[in-house]
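A.B. asks: Chains as they are written, first to last, in this note's numbering: chain A, 6 to 253; chain B, -14 to 128; chain C, 3 to 400. No residue lacks a Cβ here, since even glycine has one placed at the ideal position from N, Cα and C.
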Amino acid sequence: MSGSSENLGSVDLKRRKFMVTMVASMAGAGFNLVELAMAKTSLEAESKLVRWGLLIDTEKCGVGCNACVSACNTEHNLEDHGRPETDAQWIRKLDLVDEQTSHVHSLPMLCQHCEHPPCVDVCPTGASFRRDDGIVLVDKHTCIGCRYCMIACPYKARSFIHENLTNQRSWSPRGKGVVESCTFCTHRVDTGRIPACVEACHAEGGGAMTFGDMVNPESEISHRLKSEPSRQIREDLKLNTGVRYQNV
Amino acid sequence: MLLRGLACLFMVFLISVSSADWLDIPRGKGEQCIEPTEIMRKQHMQFLFHDRDLTMREGDRSIRHSLVDCVECHTQVNQQQKAIPINASGQFCAVCHEAVSVKIDCFSCHANIPDSSSGYSGFMNSGLPESARVLMKKWAFVP
Amino acid sequence: MSQHYRTLTANSSSYFVLVLALTALALFGLAAAHYMESEGHWITGMNNQIVWGLPHVFAISLILSASGALNVASMASLFGKTEYSAWSRFSGLLAISLLMGGLLVLVLDLGRPDRLIVAITHYNFKSIFAWNIFLYTGFIVLVAIYLWFLFERKMNQYVKVAGLFAFGWRFILTAGTGSIFGFIVARQFYHSAMMIPLFIVLSLSLGTSVFILVTQIVGRLSGSFMKQEISFSLLRLLGLLLALEGFLICAFYLTGLYSAARYDVVLFVLINGGIYTFLFWAGQIVIGTVVPLGLIFLAKAQLNSSIRLVSATVSKMIGSFCLLYVMVIAGQSYPQLMFPGKQIRSTFFDGVVVHYAPSWPELALGMGGVAVVGIIILVVTRVLPFLPVEEQRAQSSQ
């Protein structure tokens, strides 16, 4: 063992990982089988054949309902520091008041997970990136905190962490000095669950949110996108967003 | 160049440290780590970097070298059975890192105590709620 | 006739007082940056709405000045204006130190300045920011080579080539800095092709002002003043650049009024933007344009020449600072266009004009950057012969 360990460069981590996975699968009896089955290996994880998307029917989205926002804040422990200007918000409710008719309706605004995200284009280090399954993320290990992505986002979807944080959730690492935004709850989606906001919208809210794979013809979201009218916000920018709205 | 040189020096130093075994490192749970101890001492950062990129960039949740699992196994509890942060002085990470004066940048963002003791519903350990699975089946592509 | 150069040999107490004061200012700026880094940016006036604040205004001012400070060198080496050639060295030094000061402010304002190594080793070449990292470092390298060719007699013959490269590079650099804003589709105020020519001309005029002012200060310290006719020909150049800048500002705002997407935010700045409207009209137009134009072209007889030089350039610099402040801050303060025809309400300051109050650490950081520029110049000119000799004779014979 010590002989091979001194030869640091030659350790083939890929092969090691493969073998480890094999051994782990064989010894799988002791594991939570569902968990293991749902967890995807790198071969099948977020293949290009998947594009996660969210359809929001604003007719069902109640003015004053905040279920999705609270669920997100709890899931990722977005603490309230009593400083609204600098506190992070990954999802927020917008009340739209028509300038002519004063009609009010409400919708949640979050990272739109664009196919052509401006934040990814402007990021100097490549920390802003788009996974093959369409989810736009910040690699907080290479983010230097320049905030250019926040300038470039047409949806104001990103927050900068302005203070030292403690009590992070293990599935949602967050820390001072970098930019962050909605992750579409990758930790859930990767293991076969739906994002916290969507779950809450159905449990406590108006059931306005439909999450799913936009390119799978079997999924409800792609059925509805085909058969019902919907729109993107700032469609003039041709970003092909992953979040679509109805009745706006 | 300079960085590589420093890294080599550091490795040489670590190797000497690991053979000396003069540090009082708290024991983890269970019999054996997922890798032999002497490999872990020298290469834990490579394992972590490698698997971190797999999870973050490719969504692979089947990884074995996960920081969350390090914290899960290697965190000690105090007399009130409360978890002590793994990077606190005298704890698993800090013992070596303080001895060799290498700053740990992990825990400014990552949780330094296990979910099981932080009081949060440990997401990765909880099974899938049936309702969520039904919704997921209905809406999405589930293998 | 060969040109001789000297170091700054001022032993007056004013030199040391100045160096000490600048060092204190720089250290204070460094302390402020450390405070910002260890506490997090919540202690500053910047927030999730105004993400770039006073430090960025300072940094952009310094970077644009850096490019413009090379005017004198370019005119001497490329356009045969030999009367300026004695000041080529100093022009190059000023350019490098201004850029360093600007970059220092920019870097120390980052959320993770400790990760500077990441910015140097990871690049996304689609990012204009990433291009600018190369443009800035490349500028320093090119000007350093230019200075080397000026200093080394054997290389004197290549000065023109080096000058040409530096000259071309500075246009790309200022165009790149303008593009940081000009290409942003998300912010209606920034999204304009006019940003690029505007930033280029702004750098020429601002850099010329800084050059005139700094040569006056160095002249006061060393007794080695720039020839008055050269200073005044630079000042007349500044006048022309100011007129050109005024024209581009008019074009920037008028084209803004012409576009449906930008109409509201342009009216906001021009008419009902509160502090921004005030800074635009009082700072940028009156102090930054009308006053210096008057001092340059009208007040010839009434004022002492040195006072004219200093007051015209200082008011121009204040004006440019106001211009950039309005550009950077007002452009973020005014709500982004998301739902045309709708008023937006939220807990995240959507649909409202966001208030920004700069904090002392931001001011200290910015001033620290300026102080670093001063320190570099005062120390380098003391050890290396950057100042032309005959200028002093010319001054004393007057």
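What are the boundary residues of the beta strand (DSSP E) that W57/A is part of?
C.D. replies: Along the first sequence, one-based indexing puts residue 57/A at 52. Residues W57 to D62.
A.B. asks: Chain A beta carbons: is any one of them nearer than 9 Å to that of A96/B?
C.D. replies: Within the second sequence, residue 96/B is the residue found at index 111, counting from 1. Chain A, which has a Cβ nearer than 9 Å to the Cβ of A96/B, makes this yes.
A.B. asks: Would you call the CB atoms of G458/C and K318/C closer than 9 Å?
C.D. replies: Residue 458/C lies beyond the stretch modelled for chain C, which goes from 3 to 400, so this question has no answer here.
A.B. asks: Does the beta carbon of S93/B come closer than 9 Å to any beta carbon on chain A?
C.D. replies: Here residue 93/B corresponds to residue number 108 of the second sequence, with the count starting at 1. So, interface residue.
A.B. asks: Taking the beta strand (DSSP E) that V141/A falls in, what are its first and last residues?
C.D. replies: Within the first sequence, numbered from 1, the residue matching residue 141/A stands at position 136. Residues V141 to V143.
A.B. asks: One question on the structure: do V2/C and E247/C come within less than 9 Å of each other, judged by their Cβ atoms?
C.D. replies: As displayed, chain C neither begins before 3 nor continues past 400, which places residue 2/C out of reach and without an answer.
A.B. asks: Buried or exposed, going by whether 16 or more other CB atoms sit within 10 Å of the CB of M30/B?
C.D. replies: The residue you call residue 30/B lines up with position 45 of the second sequence. Answer is exposed; the Cβ neighbour count stays below 16.
A.B. asks: Between T63/A and chain B, is there a C-beta pair that is closer than 9 Å?
C.D. replies: Within the first sequence, numbered from 1, the residue matching residue 63/A stands at position 58. Taking Cβ atoms only, chain B never reaches closer than 9 Å to T63/A, which makes this a no.
A.B. asks: Please list, in chain order, all residues of the same chain as G212/A whose beta carbon is under 7 Å from its beta carbon, the five residues on each side excluded.
C.D. replies: Against the first sequence, residue 212/A aligns to sequence position 207. Excluding sequence neighbours, G212/A sits near K65 and C206.
A.B. asks: Could you pull out every residue in the same chain whose Cβ sits closer than 6 Å to the Cβ of M197/C, ignoring the five residues on either side in sequence?
C.D. replies: Your numbering for residue 197/C matches position 195 in the third sequence. These residues qualify, in order along the chain: G180, F183 and G184.
A.B. asks: Mark V39/A as exposed unless 16 or more other C-beta atoms lie within 10 angstroms of its C-beta, in which case mark it buried.
C.D. replies: As a position in the first sequence, residue 39/A is number 34, starting the count at 1. With a pLDDT of 43 at V39/A, under the threshold of 50, the modelled position of this residue cannot be trusted; read the value that follows with caution. Answer is exposed; the Cβ neighbour count stays below 16.
A.B. asks: Residues in its own chain within less than 6 Å of F165/A by CB, not counting five upstream and five downstream?
C.D. replies: Here the question's residue 165/A lines up with position 160 in the first sequence. So the qualifying residues of the chain are R152 and V184.
A.B. asks: Jot down the residue ranges of each uninterrupted alpha helix (DSSP H) in the stretch 114 to 146 of chain C, minimum 4 residues, whole runs only, in chain order.
C.D. replies: As far as the stretch 114 to 146 of chain C is concerned, its whole alpha helix (DSSP H) runs of at least 4 residues are 118 to 123.
A.B. asks: According to DSSP, simplified to helix, strand and coil, what is A12/C?
C.D. replies: Translated into positions along the third sequence, residue 12/C becomes position 10. Coil.
A.B. asks: Alpha carbon to alpha carbon, how far is I232/C from L10/C? Give it in angstroms, no decimals.
C.D. replies: Taking the third sequence and counting its residues from 1, the one referred to as residue 10/C is at position 8. Taking the third sequence and counting its residues from 1, the one referred to as residue 232/C is at position 230. Cα to Cα, L10/C sits roughly 20 Å from I232/C.
A.B. asks: Could you check where the beta strand (DSSP E) with Y250/A kicks off and where it finishes?
C.D. replies: Numbered from its first residue, the first sequence carries residue 250/A at position 245. Start and end: V248 to Q251.
A.B. asks: With DSSP run on the structure shown, which of helix, strand or coil describes A78/C?
C.D. replies: Taking the first residue of the third sequence as 1, we reach residue 78/C at position 76. A78/C falls in the helix class under three-state DSSP.
A.B. asks: Can you give the Cα-Cα distance for A157/A and S129/C, rounded to whole angstroms?
C.D. replies: In the first sequence, the residue the question calls residue 157/A occupies position 152. In the third sequence, the residue the question calls residue 129/C occupies position 127. When rounded, the distance between both Cα atoms is 11 Å.
A.B. asks: How is the beta strand (DSSP E) around Q345/C delimited, first residue to last?
C.D. replies: What you label residue 345/C is simply residue 343 of the third sequence in a count that begins at 1. Here the beta strand (DSSP E) through Q345/C covers K344 to R347.
A.B. asks: Quick one: which chain A residues come within Cβ less than 7 Å of G140/C?
C.D. replies: Here residue 140/C corresponds to residue number 138 of the third sequence, with the count starting at 1. None at all; the shortest Cβ gap to chain A is about 15 Å.
A.B. asks: So, at 6 Å on beta carbons, what are the nonlocal neighbours of L108/C in its own chain, with the 5 sequence-adjacent residues on each side left out?
C.D. replies: Start at 1 with the first residue of the third sequence, and residue 108/C comes out as number 106. Excluding residues within five positions, the ones whose Cβ falls inside 6 Å are A61.
A.B. asks: Can you check whether the C-beta of R42/B is within less than 9 Å of a C-beta belonging to chain A?
C.D. replies: If you number the second sequence from 1, residue 42/B lands on position 57. So, interface residue.
A.B. asks: Scan the stretch 173 to 190 of chain A for residues whose Cβ lies nearer than 7 Å to a Cβ of chain B and list them as they occur along the chain.
C.D. replies: Taking 7 Å as the Cβ-Cβ cut-off against chain B, the residues of the stretch 173 to 190 of chain A that qualify are Q173, R174, S175, W176, P178, R179, G180 and K181.
A.B. asks: Where does the unbroken alpha helix (DSSP H) through F169/C begin, and where does it stop?
C.D. replies: What you label residue 169/C is simply residue 167 of the third sequence in a count that begins at 1. Element bounds for F169/C: V161 to G184.
A.B. asks: Does any CB atom of chain A fall closer than 9 Å to the CB of V87/B?
C.D. replies: The residue given as residue 87/B occupies position 102 in the second sequence. Not an interface residue.
A.B. asks: Looking at chain B, is there any beta carbon in it that lies within less than 9 Å of the beta carbon of N78/A?
C.D. replies: On the first sequence, residue 78/A is found 73 positions in, with the first residue counted as 1. No, N78/A lies away from the interface with chain B (no Cβ there is under 9 Å from its Cβ).
A.B. asks: Please specify which runs of the beta strand (DSSP E), each continuous and at least 3 residues long, are wholly inside the stretch 138 to 177 of chain A, giving them in chain order.
C.D. replies: List check, beta strand (DSSP E) in window: 141 to 143.
A.B. asks: Is any beta-carbon of chain A found at less than 9 Å from that of R238/C?
C.D. replies: Here residue 238/C refers to the residue found at position 236 of the third sequence. False, the Cβ-Cβ gap to chain A never drops below 9 Å.
A.B. asks: Helix, strand or coil for L339/C, going by three-state DSSP, please let me know.
C.D. replies: Position 337 of the third sequence holds residue 339/C. Residue state, collapsed to three classes: coil.
A.B. asks: Exposed or buried, Y278/C, counting other C-beta atoms within 10 Å across all chains shown (16 or more means buried)?
C.D. replies: As a first step, residue 278/C is located in the third sequence; it is residue number 276 there, counting from the start. Result: buried.
A.B. asks: Using 9 Å as the limit for Cβ to Cβ distance, is A32/A near chain B?
C.D. replies: For the purposes of this step, residue 32/A is taken as the residue at position 27 of the first sequence. With a pLDDT of only 44 at A32/A, under 50, the local geometry of the prediction cannot be trusted, and no value is derived from it.
A.B. asks: Residue range of the beta strand (DSSP E) that M114/A falls in?
C.D. replies: Counting from one through the first sequence, the residue named residue 114/A turns up at place 109. Counting along the chain, the beta strand (DSSP E) containing M114/A begins and ends at V109 to L115.
A.B. asks: Count the other CB atoms within 10 Å of the CB of K145/A; is the residue buried (16 or more) or exposed (fewer)?
C.D. replies: On the first sequence, position 140 is the one that residue 145/A refers to. Looking at its Cβ environment, which holds 16 or more other Cβ atoms inside 10 Å, K145/A is buried.
A.B. asks: Taking DSSP as the reference, what is the three-state secondary structure of Y358/C?
C.D. replies: As a position in the third sequence, residue 358/C is number 356, starting the count at 1. Coil, per DSSP.
A.B. asks: Checking contacts by CB at 9 Å: is T349/C closer than that to chain A?
C.D. replies: Here residue 349/C corresponds to residue number 347 of the third sequence, with the count starting at 1. At least one chain A Cβ lies under 9 Å of T349/C.
A.B. asks: Closest by CA to L152/C, which one among Q5/C, R310/C, L325/C and V328/C?
C.D. replies: Here residue 152/C refers to the residue found at position 150 of the third sequence. Taking only the C-alpha atoms, the option nearest L152/C is Q5/C.
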